[in-house]
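Chains as they are written, first to last, in the working numbering: chain E, 76 to 360; chain R, 47 to 302; chain W, 7 to 231. Report on the structure given below.
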Amino acid sequence: MIRVAGLALLLLLAACHPRAPEGARELVIGTEGLYPPWNFTRADGRLDGFEPDYMRDLCARLHRRCRMVAMDWDGMVGALQTGKIDLIADAVQITPERAAVLWFSRPYALTTGVIATLRDSPLAGLPDRGAMMDFDRHGPDLDARIGRLRKGLSGKVVGVELSGAFDNFLNQSIGPHVTIRYYRTMGERDLDLLNGRIDATLEDESYIRPLLATRDGAALALAGPRMIGGSMGRGEALAFRPGDAALHDAFDGAIAATLADGTVRRLGLKWFRMDATPPVAGKLR
Amino acid sequence: MTQTSPSVLSARGITKSFGGRAVLRGIDLDAQRGDVVTILGGSGSGKSTFLRCLNLLELPDAGTIEIAGTRAPLAHDRHGKARIANPKALNALRTKTAMVFQNFNLWSHMTVLDNVIAAPVHVHGVPRAQAVDRAHGLLEKVGMAGFAGHWPRQLSGGQQQRVAIARALATDPDLMLFDEPTSALDPERVREVLDLMRALAGEGRTMLIVTHEMAFARDVSSHVVHVRDGVIESMGPPALMFGPDASPVFRAFLSP
Amino acid sequence: MDFLGTTSLGLLRAVPVTVLLFLASALGASLVAAVLVAMQQARVTQGLARAWIFVFRGTPLLLQIFMVYYGIAALGPIRHGFLWPAFREPLFCAWLAMTCCCSAYIAEVLRGALGAIPVGQIEAALACGMGRWTRLRLIVAPQVLRLALPAYGNELVMMIKSTSLASSITVLDVTGVAQQVIAHSYRTLDVFCLAAAVYLGMTAALTAVLRRIERSLDPLGSAPR
């Protein structure tokens with residue numbers, strides 16, 4: 076609905092300004108609007124969260140008019156490919172799979188994957204609590220941890236967001252030992268975690284931490300190791316149409332500036348209750 | 047109506063009204079074994095309704111019915127509305143009769159054979175093989191020997207009605223009720239059905255026939271009944287009813 | 007080609023889930039529908055049957071699926087009761103919602119067929135003294151089946167397609183698998199086309215079966231009169 080309305084508006088704008096210079100055209104940014112605190116929709120329909128805040132900042136730096144539209148993740152990449160939107164700002168993890176079809180900016184945040192279960196679940200006692208598993212640093216240590224995780228989760232039902240980065244990890248590394256349930260939205264998955272239909276979820280720390288602070292979320296607890304790298308990606312980035320070099324490079328520059336001047340750190344503390352600033356090194360594509 | 051023959055039908059004081067309009071206003075009728083009673087009358091006279099009251103397809107408002115020694119289980123609620131006192135007794139009464147309808151009413155999802163054996167097998171508990179044997183005999187009798195496996199809608203109206211008569215005969219009923227059996231037929235088909243009914247009458251079947259076939263009534267009936275405005279206007283043997291001493295009203299009905 | 011082959015295989019592997027959900031729902035809905043029609047014949051139970059049909063026919067199936075899956079799960083007595091092992095399963099919840107919803111539609115189909123039985127067929131059964139159950143078994147039920155079959159078949163085809171809604175509560179049926187493949191490949195059009203082909207195959211098979219039944223019930227190929 077919103078997508079259709081957005082498209083209609085775009086067409087209208089195009090018709091009104093047939094010769095508008097490229098620099099003056101409004102940018103349409105796709106987001107899900109269902110992934111607090113990254114992006115979510117307030118009761119009045121207004122989008123809010125880390126990314127709406129952050130994109131306002133970036134667009135101001137680039138002197139571009141921008142508009143965020145909410146749409147299902149299902150159709151977002153298609154919308155980008157067909158030009159209905161110009162870029163995606165939806166806490167998209169940089170994964171090899173996605174890098175094949177999207178151009179990523181440098182990451183503007185780096186968060187880890189964590190396991191959440193009900194406080195009184197047997198899974199609450201998973202081993203390697205709080206330890207970091209970096210899937211880009213292979214070795215016996217990592218293998219042992221994967222083995223323990225596999226054993227701990229064996230026979231359980233784990234829910235993940237469909238097409239989320241954790242979906243891949245579960246399939247590839249834990250796969251046949253657990254039953255995986257796929258959810259289209261976080262909210263639905265959270266309900267099933269709370270009512271006990273699933274035993275655990277694998278989710279981004281930036282999402283889980285604020286959830287634990289809510290009344291319902293108080294029944295949940297973190298368990299087992301934290302995860303990063305590999306199919307779970309190396310941070311969240313903006314996604315562009317492959318070949319859209321001008322836009323990609325412009326935003327890359329702006330992101331670098333926000334990392335340097337502390338804007339990302341400030342917004343992270345505001346929305347995630349933690350600093351999600353990625354290390355300066357990583358720039359993929 | 048010879049006094050020695052046992053009574054097959056005794057109906058007394060049958061009344062029926064539909065939505066305040068009196069259709070039957072007190073009809074008494076008796077039939078003995080072997081009687082062929084034709085009921086004549088104009089349309090709307092109530093003759094069909096009377097016939098349908100006898101096997102309680104219509105509930106009479108008042109009156110008593112007894113067929114072959116079985117009394118119709120009629121009762122009245124506290125508002126005087128008629129109702130069935132006992133469904134079992136109702137079915138017992140109905141098994142003493144068989145009805146041949148104007149529109150045949152063969153069961154369209156059953157073959158000719160299945161139509162004929164349905165009541166013997168499923169109501170009277172006759173073993174299937176025995177019912178099938180008998181059904182073939184009856185189909186031969188009504189001239190439909192080669193049609194056992196046919197479906198009703200493959201047959202002409204006359205053929206369907208002859209199968210319907212075989213179906214009625216299958217339970218060897220004490221009383222056969224014919225409700226305008228030839229009215230829905232093409233004129234050229236009427237004869238085959240009337241001939242069959244004539245043969246049944248010759249065998250001593252007890253039959254009550256609502257019809258418009260005057261020649262048939264005159265030649266085949268033992269009694270002719272003229273119903274008018276919900277009462278029996280006149281009745282008697284055909285020789286009387288079709289003779290010079292018949293009631294003027296009936297004579298007027300015969301030649302309007 | 008390789009992608010399409012793997013995807014087709016994955017979709018076909020999900021066919022048993024879709025077929026199971028369809029068959030179980032069709033059976034459940036038909037039984038409930040028969041009960042609803044029976045209830046409509048008696049004054050005491052008529053209101054309840056009508057309310058059931060009104061509610062389940064008047065609300066979207068997707069909503070009913072969500073209500074059963076998330077709504078009922080939120081009720082303490084269910085969540086901590088002996089029924090929870092059933093309600094815990096998304097497939098059971100989808101089955102329950104589809105049974106309730108489709109029973110309302112099928113009941114209406116059956117009621118229509120019941121009303122369409124020619125009066126004379128019933129009178130012929132009454133006149134020879136058939137009791138209520140004999141009449142139902144021998145005359146009414148076969149006639150209802152025959153008269154209802156075209157519309158009933160339509161309902162069944164709709165039901166096959168409705169099973170796809172189960173994917174919204176994590177059932178990995180054909181649609182669920184398709185969405186999963188799309189989520190990883192971003193190839194919306196070809197995957198949905200393949201899924202559509204799988205559904206076409208299932209509805210074509212059902213249609214063939216229905217036509218066979220129709221022909222066996224009605225060997226002359228025309229409706230009863």
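For every residue, glycine included, the Cβ atom is placed at its ideal position computed from N, Cα and C.
Specify whether the stretch 204-215 of chain E and the stretch 296-303 of chain E touch according to this definition: at least 3 beta carbon pairs, one from each stretch, less than 8 Å apart.
Yes, the stretch 204-215 of chain E touches the stretch 296-303 of chain E.
Measuring CB to CB, does Thr176(W) end up less than 9 Å from Asp267(E)?
Here residue 176(W) is taken as the residue at index 170 of the third sequence, counted from 1. Here residue 267(E) is taken as the residue at index 192 of the first sequence, counted from 1. Thr176(W) is a Cβ neighbour of Asp267(E), given a cutoff of 9 Å.
Step through the CB atoms of chain E and report whether any lies within less than 9 Å of the CB of Ala80(W).
Here residue 80(W) is taken as the residue at index 74 of the third sequence, counted from 1. So yes, Ala80(W) belongs to the interface.
Give the secondary structure of Asp149(E) by DSSP, where H, G and I count as helix, E and B as strand, and everything else as coil.
Taking the first residue of the first sequence as 1, we reach residue 149(E) at position 74. In the structure shown, Asp149(E) adopts helical secondary structure according to DSSP, grouped into three states.
Inspect the beta-carbon positions of Ala194(R) and Leu185(R) and report whether they are closer than 9 Å.
The residue you call residue 194(R) lines up with position 148 of the second sequence. The residue you call residue 185(R) lines up with position 139 of the second sequence. Their beta carbons are under 9 Å apart, which means Ala194(R) touches Leu185(R) by this criterion.
Cβ separation of Gly343(E) and Ala351(E), assumed to be a contact under 8 Å, to the nearest whole Å:
As a position in the first sequence, residue 343(E) is number 268, starting the count at 1. As a position in the first sequence, residue 351(E) is number 276, starting the count at 1. Confirmed, about 4 Å.
Inter-residue spacing [alpha-carbon to alpha-carbon] between Leu102(E) and Leu162(E)
As a working mapping, residue 102(E) is identified with position 27 in the first sequence. As a working mapping, residue 162(E) is identified with position 87 in the first sequence. The straight-line gap from Cα to Cα measures roughly 8 Å.
With 7 Å as the limit, tell me which residues of the stretch 134-168 of chain W have their beta carbon closer than that to any beta carbon of chain R; keep them in chain order.
Hits within the stretch, in order: Cys134, Gly135, Met136, Gly137, Thr140, Leu144, Ile145, Pro148, Gln149, Arg152.
Could you name the residues of the same chain whose beta carbon sits closer than 8 Å to that of Arg117(E), not counting the 5 residues immediately before and after it, in chain order?
Residue numbering aside, residue 117(E) sits at position 42 when the first sequence is read from its first letter. Around Arg117(E): Asp123.
Using DSSP with H/G/I as helix, E/B as strand and the rest coil, what is Pro96(E)?
Working through the first sequence from its first residue, we reach residue 96(E) at position 21. Caution is warranted here: a pLDDT of 48 is assigned to Pro96(E), below 50, making its placement in the model unreliable, and the coordinate value is therefore given only provisionally. Collapsing the DSSP output to three states places Pro96(E) in coil.
May I have the straight-line CA-CA distance separating Pro96(E) from Arg142(E), to the nearest angstrom?
Within the first sequence, numbered from 1, the residue matching residue 96(E) stands at position 21. Within the first sequence, numbered from 1, the residue matching residue 142(E) stands at position 67. Low confidence applies to Pro96(E): its pLDDT is 48, below 50, so where it sits in the model is not reliable enough to give any reading.
Taking the C-alpha atoms as reference points, what is the distance between Ile104(E) and Pro354(E)?
Within the first sequence, numbered from 1, the residue matching residue 104(E) stands at position 29. Within the first sequence, numbered from 1, the residue matching residue 354(E) stands at position 279. If you take the alpha carbons of Ile104(E) and Pro354(E), they lie about 25 Å apart.
Relative to the C-alpha of Pro96(W), which candidate in Val232(E), Thr106(E), Asp203(E) has its C-alpha closest?
Here residue 96(W) refers to the residue found at position 90 when the third sequence is read from its first residue. Minimum Cα distance to Pro96(W) is reached at Val232(E).
Assign Pro300(E) to one of three DSSP states: helix, strand, or coil.
The count along the first sequence starts at 1 and reaches residue 300(E) at position 225. Strand at Pro300(E).
Among Leu287(E), Glu172(E), Arg264(E), Leu322(E), which residue has its Cα nearest to the Cα of Arg309(E)?
Looking up residue 309(E) in the first sequence gives position 234. The residue with the shortest Cα to Cα distance from Arg309(E) is Glu172(E).
Using a Cβ cut-off of 8 Å, pull out every chain W residue sitting near Met243(R), in sequence order please.
Translated into the one-based positions of the second sequence, residue 243(R) becomes position 197. The premise fails here: Met243(R) is roughly 17 Å from chain W at the closest Cβ pair, so nothing lies under 8 Å.
Give, in chain order, every residue of the stretch 136-163 of chain E whose Cβ lies closer than 9 Å to some Cβ of chain W.
Within the stretch 136-163 of chain E, the residues whose Cβ lies closer than 9 Å to some Cβ of chain W are Trp148, Asp149, Gly150, Val152, Gly153, Gln156, listed in chain order.
Enumerated in chain order, which unbroken segments of the beta strand (DSSP E) with a length of 3 residues or greater are wholly contained in the stretch 187-265 of chain R?
Every beta strand (DSSP E) of 3 residues or more that sits fully in the stretch 187-265 of chain R is shown, in chain order, as 221-225, 253-256.
Let me check understanding here. Comparing Cα to Cα, which of Pro283(R), Val270(R), Asp275(R), Val295(R) lies closest to Leu86(R)?
Along the second sequence, one-based indexing puts residue 86(R) at 40. Ranking the options by Cα distance to Leu86(R), first place goes to Val270(R).
Can a CB atom of chain E be found closer than 9 Å to the CB of Ser170(W)?
Your numbering for residue 170(W) matches position 164 in the third sequence. Closer than 9 Å: no.
Residues near Arg264(R) by beta carbon distance below 7 Å, same chain, minus five either side:
Within the second sequence, residue 264(R) is the residue found at index 218, counting from 1. Here the set comprises Pro284, Phe288.
Could you list which residues in chain R have their beta carbon closer than 7 Å to that of Gly126(W), in chain order?
Reading the third sequence from its first residue, position 120 is the one you call residue 126(W). What Gly126(W) touches in chain R: Phe147, Asn149, Asn151.
Where the beta strand (DSSP E) through Ser53(R) begins and ends:
By 1-based counting over the second sequence, the position of residue 53(R) is 7. Here the beta strand (DSSP E) through Ser53(R) covers 53-64.
Grab the span of the beta strand (DSSP E) containing Glu126(E) for me, first residue to last.
On the first sequence, residue 126(E) is found 51 positions in, with the first residue counted as 1. Element bounds for Glu126(E): not the beta strand (DSSP E) but the alpha helix (DSSP H), 125-137.
With distances taken from CA atoms, which of Leu277(E), Gly158(E), Pro127(E), Arg131(E) is nearest Ala166(E)?
Counting from one through the first sequence, the residue named residue 166(E) turns up at place 91. For Ala166(E), the nearest C-alpha among the options comes from Pro127(E).
Please classify Leu15(W) as buried or exposed, where buried requires at least 16 neighbouring CB atoms within 10 angstroms.
To locate residue 15(W), count along the third sequence from 1; it is residue 9. Exposed, since its Cβ has fewer than 16 Cβ neighbours within 10 Å.
For Thr276(E), count neighbouring C-beta atoms within 10 Å of its own C-beta (all shown protein chains included) and say buried if the count is 16 or more, exposed if not.
Translated into the one-based positions of the first sequence, residue 276(E) becomes position 201. Per the 10 Å Cβ criterion, buried.
Could you pull out every residue in the same chain whose Cβ sits closer than 8 Å to the Cβ of Gly189(R), ignoring the five residues on either side in sequence?
Within the second sequence, residue 189(R) is the residue found at index 143, counting from 1. Cβ neighbours of Gly189(R) beyond the five flanking positions: Arg208, Glu238, Leu242.
Is the stretch 84-98 of chain R touching the stretch 248-267 of chain R, taking contact as three or more C-beta pairs under 8 Å?
Touching, yes.
Check Phe150(R) in the structure and name its three-state DSSP category.
In the second sequence, residue 150(R) corresponds to position 104, counting from 1. DSSP places Phe150(R) outside both helix and strand once states are collapsed to three, so it counts as coil.
On the CB-based measure, 16 or more other CB atoms within 10 Å of its CB, does Asp195(E) come out buried or exposed?
On the first sequence, position 120 is the one that residue 195(E) refers to. Exposed: under 16 other Cβ atoms inside 10 Å.
Extent of the continuous alpha helix (DSSP H) run through His190(W):
Taking the first residue of the third sequence as 1, we reach residue 190(W) at position 184. In the DSSP annotation of this structure, the continuous segment of the alpha helix (DSSP H) that includes His190(W) starts and ends at 180-191.
Hey, is the stretch 144-153 of chain R in contact with the stretch 216-230 of chain R, meaning 3+ C-beta pairs nearer than 8 Å?
Touching, yes.
For Ala203(W), return the contacting residues in chain E, with the cut-off set at a CB-CB distance below 7 Å.
The sequence position of residue 203(W) within the third sequence is 197, counting from 1. Those within 7 Å of Ala203(W) in chain E number zero; the least Cβ separation is about 20 Å.
The stretch 233-245 of chain E touching the stretch 171-190 of chain W, judged by at least three CB pairs closer than 8 Å:
Taking a cut-off of 8 Å on C-beta distances, the stretch 233-245 of chain E touches the stretch 171-190 of chain W, as three or more cross pairs fall below it.
What residue range is occupied by the uninterrupted alpha helix (DSSP H) comprising Ala1(W)?
A query on residue 1(W) cannot be resolved here, the shown segment of chain W reaching from 7 to 231 and no further.
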